[in-house]
Amino acid sequence: MTLKTRKSLFTSTIASLMFAASVQAAEPKSGGDIIVTYQNDVATLDPAIGYDWQNWSMIKSLFDGLMDYDPGTTELRLDLAESYTLSEDGKTYTFKLRPGVKFHNGREMKAADVKYSLERTSNPNTKSPGAGFFSPIVGYEAVSKGETTELEGVKVVDDYTVSIELTAPNATFLHVMGLNFASIVPKEEVEKYGEDFGKNPVGTGAYELTDWTLGQKLVFEKNPEYFRSGVPYIDTITFEVGQEPLVALQRLERDEVDIAGDGIPPAKYLQFKNDPRFQDLMVTGDQLHTGYLTLNVTMPPLDNLKVRKAINMAINKDRIVRIINGRATPANQPLPPAMPGYDSDYEGYKFDPEGAKALLAEAGFADGFETELFVMNTDPQPRIAQAMQQDLANIGITANIKSLAQANVIAAGGVQDQAPMVWSGGMAWIADFPDPSNFWGPILGCDGAVPGGWNWAWYCNEELDAKGAKADAMAAAEQQEARTELWGEVFTQAMADAPWVPIFNEQRVTVHSKRMGGEDALYVDPVHVPVNYDYIWVK
Numbered sequence: 314m315t316l317k318t319r320k321s322l323f324t325s326t327i328a329s330l331m332f333a334a335s336v337q338a339a340e341p342k343s344g345g346d347i348i349v350t351y352q353n354d355v356a357t358l359d360p361a362i363g364y365d366w367q368n369w370s371m372i373k374s375l376f377d378g379l380m381d382y383d384p385g386t387t388e389l390r391l392d393l394a395e396s397y398t399l400s401e402d403g404k405t406y407t408f409k410l411r412p413g414v415k416f417h418n419g420r421e422m423k424a425a426d427v428k429y430s431l432e433r434t435s436n437p438n439t440k441s442p443g444a445g446f447f448s449p450i451v452g453y454e455a456v457s458k459g460e461t462t463e464l465e466g467v468k469v470v471d472d473y474t475v476s477i478e479l480t481a482p483n484a485t486f487l488h489v490m491g492l493n494f495a496s497i498v499p500k501e502e503v504e505k506y507g508e509d510f511g512k513n514p515v516g517t518g519a520y521e522l523t524d525w526t527l528g529q530k531l532v533f534e535k536n537p538e539y540f541r542s543g544v545p546y547i548d549t550i551t552f553e554v555g556q557e558p559l560v561a562l563q564r565l566e567r568d569e570v571d572i573a574g575d576g577i578p579p580a581k582y583l584q585f586k587n588d589p590r591f592q593d594l595m596v597t598g599d600q601l602h603t604g605y606l607t608l609n610v611t612m613p614p615l616d617n618l619k620v621r622k623a624i625n626m627a628i629n630k631d632r633i634v635r636i637i638n639g640r641a642t643p644a645n646q647p648l649p650p651a652m653p654g655y656d657s658d659y660e661g662y663k664f665d666p667e668g669a670k671a672l673l674a675e676a677g678f679a680d681g682f683e684t685e686l687f688v689m690n691t692d693p694q695p696r697i698a699q700a701m702q703q704d705l706a707n708i709g710i711t712a713n714i715k716s717l718a719q720a721n722v723i724a725a726g727g728v729q730d731q732a733p734m735v736w737s738g739g740m741a742w743i744a745d746f747p748d749p750s751n752f753w754g755p756i757l758g759c760d761g762a763v764p765g766g767w768n769w770a771w772y773c774n775e776e777l778d779a780k781g782a783k784a785d786a787m788a789a790a791e792q793q794e795a796r797t798e799l800w801g802e803v804f805t806q807a808m809a810d811a812p813w814v815p816i817f818n819e820q821r822v823t824v825h826s827k828r829m830g831g832e833d834a835l836y837v838d839p840v841h842v843p844v845n846y847d848y849i850w851v852k
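First residue of the sequence shown? That's 314 in our numbering, and the numbers climb one at a time after it.
The structure is reproduced here in structure tokens:
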């Protein structure tokens, strides 16, 4: 996903959550070798720098952090940390590390490595797109300004204990510790390879990189000393790059490869779905993202609430879902169903063209008006925009489509008076971790309504921002249910202002070879990771 571009432009939040396609049923088997194909080569395997869905999955198999997620769930679990405690004021986390965990170079991982790794990612010289995730840590501001290289809030208590002090209680911090950016790396290896560490990665992960032929392949081998008992199952994974997705699917049909890493293109989805040979080999996973049409609340006549509501009522979302062959479900709110805080009782704006016309008349636009709709120029996005254009024409609105390269659409959305409407398809925000806060600040909050930001609706509701800040300060375990409920209210209340037309929640479909385990062997990640390689096996 060219969301790598998005993320480097706007640092905010994500993660690797494992959504199982189905409940694990078959017994995993150890051993075997698999081949995975990708169209594009990998730029880096440095966890402080890599930030696209392709290298995110690879990095996750090479490195570990203090926290992770239970495969198949959005539940946090301990990873390199054996336990943690939170201070009474909610600001200091103290982590006890697992003893005996070794880096791939044979050295034992210690608390000093945790401190070094967090400081390295925060250091502006590293040029990490994830540095901002660590801004809640005491001393981050001084590090980000280049005044020091040490995070004051990160203290090595002893070889197996590290404490991290925050400037304020932050309910999302444990999710941050589960990001690839928080992976633990050995200082001596980083210093040995310098900028080439991303080509010579050394971590504590389930796999080690043993070969990288640029433009051709990467080979991962099972780490025999991995600290988690029983995983990974596969002995070696060969990632072949430079493979066109359609060619990769043809090779998969001939059992020459095991996973088509780029998934099934929309144009081939129905063919595979209706082919009995592949029905049991397709794995569908929900993603933590929503496809949406932004309505610039600062540009007339979209600054009129009734106009924005009318547009919400005019779009036939079911028809748009059919354009992508049913690989999505219609959306009625910004949060995707897999996200905590999603309100299953919320109905949103119903498809009602006649009601939309009446609202336009009340707003003083009985004869409609002319505007522009920006869209990325890669199929199927222009066809989706054309469907919206037809729906708007049915209520008298003439929407002239501006079909541009992704970077140009992003740039237009980041200028306050340039893009009245933007269809987010191909660029939609994918959450960094399963927390509603990540769906607010960057794309609907006041902080995102800035030049170059991702809040293309230029919507700023300070009251709702304050509610979100209140929710994020609720860090105690007993507050989490109330916190999630409060965040849910923020999003449904925002829809009363209609800054978006939520269109659909798209699914990611992956296909694997017959020799691999069934659906239960393949964990599809809704964020960056198409497959959790640590938990797959061959029959």
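All C-beta atoms in this analysis are idealised placements derived from N, C-alpha and C, irrespective of residue type, glycine included.
Where residue i falls: helix, strand or coil (DSSP)
i, result
"Ser335", "Because Ser335 sits at a pLDDT of 38, beneath the cut-off of 50, its placement in the model cannot be relied upon, and the following sentence gives the value as read from the coordinates. DSSP places Ser335 in coil when its eight states are reduced to three."
"Thr439", "helix"
"Gln729", "coil"
"Thr485", "coil"
"Asp847", "helix"
"Trp878", "Not covered by the structure: residue 878. The range shown for the chain is 314 to 852."
"Met701", "helix"
"Lys783", "helix"
"Val475", "strand"
"Ala706", "helix"
"Thr462", "coil"
"Asp359", "coil"
"Val688", "strand"
"Gly654", "coil"
"Asp748", "coil"
"Ile636", "helix"
"Tyr453", "helix"
"Ser382", "Reading off the sequence, residue 382 comes out as Tyr, not Ser. Strand."
"Glu421", "strand"
"Leu648", "coil"
"Ser374", "helix"
"Trp713", "Going by the sequence as given, residue 713 is Asn instead of Trp. The answer is strand: DSSP assigns Asn713 an E or B state."
"Ile723", "helix"
"Tyr605", "strand"
Nearest to residue i (by Cα), restricted to the options the options
i, options, result
"Asp571", "Pro589, Ile547 and Pro578", "Ile547"
"Pro649", "Leu410, Thr805 and Val467", "Thr805"
"Leu527", "Gly543, Asn690 and Ala356", "Ala356"
"Ala720", "Thr711, Ser542, Val735 and Asn707", "Val735"
"Gly801", "Asp748, Ser826 and Trp813", "Asp748"
"Ala484", "Asp402, His602 and Tyr453", "Asp402"
"Asp588", "Glu566, Met701 and Tyr655", "Glu566"
"Arg420", "Pro499, Trp769 and Val634", "Pro499"
Start-to-end residues for the beta strand (DSSP E) that takes in residue i
i, result
"Pro815", "Trp813 to Val824"
"Arg828", "It is not in any beta strand (DSSP E) - Arg828 carries neither H nor E in the DSSP assignment."
"Asp599", "Met595 to Asp599"
"Arg390", "Leu389 to Leu391"
"Glu504", "Taken as a continuous stretch (DSSP letters only), Glu504 belongs to no beta strand (DSSP E), being part of the alpha helix (DSSP H) at Lys500 to Tyr506."
"Leu522", "Tyr520 to Thr526"
"Val414", "Val414 -> no beta strand (DSSP E), and no H or E assigned at all."
"Val620", "Element bounds for Val620: not the beta strand (DSSP E) but the alpha helix (DSSP H), Leu618 to Ala627."
"Ala641", "Ala641 to Pro643"
"Asp346", "Asp346 to Tyr351"
"Glu538", "Per DSSP, Glu538 belongs to no beta strand (DSSP E) and is neither H nor E."
Range covered by the alpha helix (DSSP H) that runs through residue i
i, result
"Phe585", "Pro579 to Lys586"
"Phe804", "Gln793 to Met808"
"Pro666", "Pro666 to Glu675"
"Glu660", "No alpha helix (DSSP H) holds Glu660; DSSP gives it neither H nor E."
"Val560", "Pro558 to Glu566"
Whole-Å CB distance - residue i paired with residue j, under 8 Å assumed
i, j, result
"Val467", "Ile450", "7 Å"
"Asp377", "Thr517", "5 Å"
"Ile628", "Ile816", "7 Å"
"Gly443", "Phe494", "3 Å"
"Leu389", "Leu464", "About 22 Å separates the two Cβ atoms, so there is no contact after all."
"Asn857", "Thr549", "Because the chain is modelled from 314 through 852, residue 857 falls outside the range shown and cannot be assessed."
Proximity of residue i and residue j at Cβ, strictly below 8 Å
i, j, result
"Met652", "Val822", "no"
"Gly758", "Trp767", "no"
"Phe682", "Met626", "no"
"Lys530", "Val851", "no"
"Asp847", "Pro514", "no"
"Asn617", "Ala676", "yes"
"Gly726", "Val688", "no"
"Leu608", "Ala811", "yes"
"Thr434", "Phe416", "no"
"Leu883", "Asn690", "The requested residue 883 does not occur in the structure, where the chain is confined to residues 314 to 852."
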